[in-house]
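For the sequence shown, my numbering gives the first residue as 6, with consecutive numbering after it.
Below is one structure, written out as structure tokens, with a few remarks after it.
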Amino acid sequence: ERYKLSIDRCPNHNMLPVTQIDTFYNGLTLRHRDTINAAAGGTFMKRRPEECYDLIENMIAHHNDWDTSA
6 ERYKLSIDRC PNHNMLPVTQ IDTFYNGLTL RHRDTINAAA GGTFMKRRPE
56 ECYDLIENMI AHHNDWDTSA
């Protein structure tokens, strides 16, 4: 959510969607990378940017459903 807010606050950032997704993914901890890869049903970074955005939005919308106790 914080990353999305920073992108939204700076609409003239000139970052391509694929660069935004790459920056987001590389900023995740290994645990969170594993989580997003599992949610993607494989390697998150092999998906199209539109699919990545949709998956992130879905995860944000349902973040209370995710078990973060591990």
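Note that the Cβ used here is the ideal one computed from N, Cα and C, for glycine as well.
Contact defined as beta carbons within less than 8 Å: I believe residue 88 pairs with residue 33. What is the distance between those atoms, to the nearest angstrom? Outside the displayed range of the chain (6 to 75) lies residue 88, so it cannot be described from this structure.
Cβ of residue 65 within 9 Å of Cβ of residue 29? No, the Cβ-Cβ distance between residue 65 and residue 29 is not below 9 Å.
For residue 45, which residues of its own chain have a beta-carbon under 7 Å away from its beta-carbon, when the five flanking residues on both sides are left out? 52, 60
So what does DSSP say about residue 14, is it helix, strand or coil? Looking at residue 14 - three-state DSSP - the assignment turns out to be helix.
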